[in-house]
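What follows is one structure encoded as structure tokens, with my remarks underneath.
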Amino acid sequence: MSRYVSTTRPEMNGIPTLDLDGGAVEIYCWHENNETSLGIRAKFAAVQYYDNYDHIFYRCYNDKESCGQNGAYLEQPYYTCFRGALDESGCTEHTSDVIYFDKDLEFTEKTLRRIPANFTRKMAIELGDESIKTFPTMYVYYDYDYIGRGHLSTLSPRTLSNAYDFCEYIIEEHQRKISPSINPTSSSVTASSSSIEDQQSSSSKTESSSSLATNVFDGIVSNPDQIFNSGLQNMEEGSCYSLNPARANEFNGWVNDNASDSWWWREVDCNTGDRIDKNRIGACPGFPLDEIPSNPTSACFAYNGTCYKCNPTRGGDCGNSWLWSGSFSYGNIGWWYVEINCYTSLQKQAPYGQSQDITTEETFDIDFTISQKNFDILGRRKNSRPTAKQIIYRTQKPF
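Quick look at the structure:
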């Protein structure tokens with residue numbers, strides 16, 4: 172093992188190439204710490220940067236006159252070759268690694284620590300364009316969680332720049348799903364989504380007569396009514412799925428392949444395509460609904476064994492589609508949702524010390540018979556014969 176390190180980024184021998192060996196993700200859409208980057212896998216002589224060098228075993232600078240004394244620590248950050256020994260000609264052993272680009276197709280900070288000095292941005296972008304044309308799928312990660320795949324056949328032209336825009340669009344769609352108050356605003360989203368719409372309008376209209384036939388999901392939904400019985404992740408055995416109708420206008424863009432994600436998918440009858448609602452309780456259909464109910468301030472839904480309706484004080488905002496077909500968030504209980512009885516649709520009293528953030532007037536017509544008893548000041552009964560009385564009254568109940 173070489174004892175030599177460099178205070179500047181070493182160069183590499185040879186030229187970078189795509190990693191065509193398979194077995195690893197080739198294209199990444201990566202979102203971390205509120206920053207989005209696009210990564211492509213390539214083979215090159217990667218370097219390794221050390222800034223926590225105090226506890227690294229002793230090495231010599233190859234660009235200084237003296238190594239110093241044995242046992243001395245290096246005094247500043249340094250580079251080595253990720254694989255193989257560093258010598259006067261730089262790094263020679265190529266390995267598979269990922270090159271990450273930011274919005275402007277500049278190297279990200281973590282990539283700058285891996286790229287050899289003579290691996291230029293122009294070379295990397297050309298390699299990226301080749302990668303986007305070669306590989307059909309982009310894998311999407313949000314804060315280290317895999318959330319789905321983007322299919323690059325929707326891009327025109329298939330370039331690194333368009334792939335980044337597509338990646339950014341997917342991330343913002345995911346953020347809209349998990350935080351419904353977020354609205355996509357960037358120009359790249361507009362460009363990407365419009366290109367998808369163009370792709371949809373220019374593509375041949377798939378005959379709907381075959382929509383009820385079961386299909387194997389291969390990353391593309393050619394018809395929003397298609398029924399899939401395999402190919403999705405997390406499918407229940409023997410079950411079929413089709414696209415959530417709320418996503419019907421997005422089927423030619425990015426489609427998440429997780430069958431348990433109700434934002435994208437719903438379980439349906441394999442023969443008729445009708446939705447199977449396993450989550451219904453009483454009169455309340457399971458969340459998410461296929462469409463906004465006609466009476467959004469009084470309609471209910473069931474989620475995870477509990478029933479809710481829109482907080483009536485939100486008024487017309489109860490007609491927001493994300494309340495009924497988006498991703499359910501417990502953080503919305505109180506301001507947006509109130510818990511109700513699944514069978515009577517009456518709102519439940521909030522637990523002591525908690526607030527549903529609402530005071531609602533409920534009107535009841537109560538019809539019952541009571542006995543009236545009269546007592547004197549010593550508690551003795553004055554009239555033992557009860558008097559029947561029918562009472563109809565209205566009550567106002569604060570919740």
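FYI, in our numbering the residues of the sequence shown are 172 to 570.
Cβ coordinates follow ideal geometry from the N, Cα and C atoms, glycine included.
Everything numeric in this text was worked out from a predicted model, so none of it was measured.
Check	Outcome
For residue 282, is the classification buried or exposed, using 16 other Cβ atoms within 10 angstroms of its Cβ as the cut-off for buried?	buried
Around the Cβ of residue 428, are there at least 16 other Cβ atoms within 10 angstroms (buried) or fewer (exposed)?	buried
What runs of the alpha helix (DSSP H), each 4 residues or longer, lie entirely inside the segment 452 to 511?	493 to 496
What are the boundary residues of the alpha helix (DSSP H) that residue 333 is part of?	331 to 349
Quick one: is residue 467 buried, meaning 16 or more other Cβ sit within 10 Å of its Cβ, or exposed?	buried
Would you tell me roughly how many angstroms separate the C-alpha atoms of residue 319 and residue 201, rounded to the nearest one?	11 Å
Between which two residues does the alpha helix (DSSP H) harbouring residue 402 extend?	Per DSSP, residue 402 belongs to no alpha helix (DSSP H) and is neither H nor E.
Just the C-alpha distance for residue 417 and residue 474, rounded to the nearest angstrom, thanks.	18 Å
Rounded to a whole number of angstroms, what is the C-alpha to C-alpha distance between residue 335 and residue 463?	33 Å
Straight-line CA distance for residue 456 to residue 481?	14 Å
Alpha carbons only, please: which of 303, 192, 293 is nearest the one belonging to residue 266?	192
Any idea which residues DSSP pairs residue 392 with across the strands?	In DSSP, residue 392 forms no bridge with anything.
My parser needs the beta strand (DSSP E) runs of 3 or more residues fully inside the segment 181 to 207; what are they?	198 to 203
Can you round the beta-carbon distance between residue 439 and residue 392 to whole angstroms, since I take them to be within the 8 Å contact cut?	In fact, because the Cβ distance is near 14 Å, the residues do not count as touching under 8 Å.
For the alpha helix (DSSP H) that contains residue 300, what are its first and last residues?	292 to 305
Please look up how many angstroms separate the CB atoms of residue 294 and residue 198, rounded, as I've assumed it's under 8 Å.	The pair is not a contact, with the Cβ atoms about 18 Å apart (cut-off 8 Å).
Please classify residue 325: is it buried, with 16 or more other beta-carbons within 10 angstroms of its beta-carbon, or exposed?	buried
Going by the beta-carbon positions, is the gap between residue 215 and residue 248 smaller than 8 Å?	no
Would you call residue 344 buried or exposed, if buried means 16 or more other Cβ atoms sit within 10 Å of its Cβ?	buried
Alpha carbon to alpha carbon, how far is residue 176 from residue 387?	53 Å
Alpha carbon to alpha carbon, how far is residue 195 from residue 437? Give it in angstroms, no decimals.	30 Å
By the three-class DSSP mapping on this structure, what secondary structure does residue 118 have?	Beyond the ends of the chain as shown, which are 172 and 570, falls residue 118; an answer cannot be given.
Assuming residue 279 is part of the beta strand (DSSP E), what are its boundary residues?	Unbroken run through residue 279: none, as it is neither H nor E.
Is it buried or exposed for residue 316, if we count other Cβ within 10 angstroms and need 16 for buried?	exposed
Quick check on residue 502: buried or exposed, where buried means 16 or more other Cβ atoms within 10 Å of its Cβ?	exposed
Roughly how far, in whole angstroms, is the beta-carbon of residue 331 from the beta-carbon of residue 349, given that I think they are within contact range, below 8 Å?	At roughly 27 Å, the Cβ-Cβ gap does not stay under 8 Å, so residue 331 and residue 349 are not in contact.
Please classify residue 251 as buried or exposed, where buried requires at least 16 neighbouring CB atoms within 10 angstroms.	buried
Spatial neighbours of residue 180 within its chain, please: CB distance less than 7 Å, with the 5 preceding and 5 following residues excluded, ordered by chain position.	218, 250, 287, 288
Grab me the residues of residue 445's own chain with a C-beta within less than 8 Å of its C-beta, minus the 5 sequence neighbours each way, in chain order.	439
Report yes if the CB atom of residue 396 is closer than 8 Å to the CB atom of residue 413, and no otherwise.	yes
Out of 255, 213, 291, state which residue places its alpha-carbon closest to the alpha-carbon of residue 301.	213
Might you give, ordered along the chain, the residues of its own chain that have their beta carbon closer than 8 Å to the beta carbon of residue 184, omitting 5 neighbours on each side?	216, 260, 261, 262, 263
Alpha carbon to alpha carbon, what distance is there between residue 276 and residue 270?	11 Å
For residue 362, which residues of its own chain have a beta-carbon under 8 Å away from its beta-carbon, when the five flanking residues on both sides are left out?	Because residue 362 sits at a pLDDT of 36, beneath the cut-off of 50, its placement in the model cannot be relied upon, and the point is left open.
Sorted by chain position, which residues of the same chain lie with C-beta nearer than 8 Å to residue 461's C-beta, five sequence neighbours on each side aside?	415, 416, 417, 437, 446, 496
Put residue 209 into one of helix, strand or coil per three-state DSSP.	strand
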